[in-house]
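Student:
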Amino acid sequence: MTREEMLAYCLGKPGAWLDRPWEGDEVVKVGSRIFAFLGSAGGDQPTVGVKCGPSRDVADEWLHRHPGDARPSPYIGRAGWNTLRLAGGIDEEELIEAVDASYDAVVAKLPKRERPAG
């Protein structure tokens, strides 16, 4: 899966929007919260950072299943966030499921006024 395909998929989620909170980095938010970190557009190894569980212990399952393609996300990894390589050994269906789960987890924590309709 390419970075462009992943970005398009993320932006297709209800209420999703692109933000650039740090120079050169792109994230996709729903309401006021990030559900996918895409990093910079010019990166040589495209990745997506997603919430892979409510805790580090749950998110570590990804590291065991995909040791060369998943790692804890810098700074927020302890909260269950992982960075997944898009052009590695994780198949597209699993990447999509990871984004869907991250989106759902973030939406569930949003105040009702920020949740997308539907």
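Residue numbering for the sequence shown follows numbering that gives the first Met the number 0, beginning at 0 and increasing consecutively.
From the three backbone atoms N, C-alpha and C, an ideal C-beta is built for every residue, glycine too.
(1) Kindly indicate which three-state DSSP category leucine 6 falls into: helix, strand or coil?
(2) Contact between the segment 37-50 and the segment 70-83 is defined here as three or more beta-carbon pairs at a separation below 8 Å; is this criterion met?
(3) Among Lys12, Glu3, Glu4, Thr1, whose alpha-carbon lies nearest the alpha-carbon of aspartate 103?
(4) Identify, in the order they occur along the chain, each residue of the same chain with its Cβ nearer than 7 Å to the Cβ of histidine 63, setting aside the five sequence neighbours on each side.
(5) So, is proline 45 buried or exposed, given that buried needs 16 or more other C-beta atoms within 10 angstroms?
(6) Looking at the secondary structure, which residues open and close the beta strand (DSSP E) in which lysine 50 lies?
(7) Which residue comes first and which comes last in the beta strand (DSSP E) that contains aspartate 90?
(8) On the DSSP bridge assignment, give the partners of arginine 84 in chain order.
(9) Here's a check: name, in chain order, each residue in its chain whose Cβ is nearer than 8 Å to the Cβ of serine 31, leaving out the five neighbours to either side.
Tutor: Looking at the atomic coordinates:
(1) DSSP places leucine 6 in helix when its eight states are reduced to three.
(2) The segment 37-50 is in contact with the segment 70-83.
(3) Proximity to aspartate 103 across Lys12, Glu3, Glu4, Thr1 peaks at Lys12, based on C-alpha coordinates.
(4) Excluding sequence neighbours, histidine 63 sits near nothing in its chain.
(5) Buried: at least 16 other Cβ atoms inside 10 Å.
(6) Per DSSP, lysine 50 belongs to the beta strand (DSSP E) from 46-50.
(7) Counting along the chain, aspartate 90 falls outside any beta strand (DSSP E), and DSSP gives it neither H nor E.
(8) DSSP lists Thr46 as partners of arginine 84.
(9) Taking C-beta separations shorter than 8 Å and ignoring five residues to either side along the sequence, the partners of serine 31 in its chain run Leu109, Glu113, following chain order.
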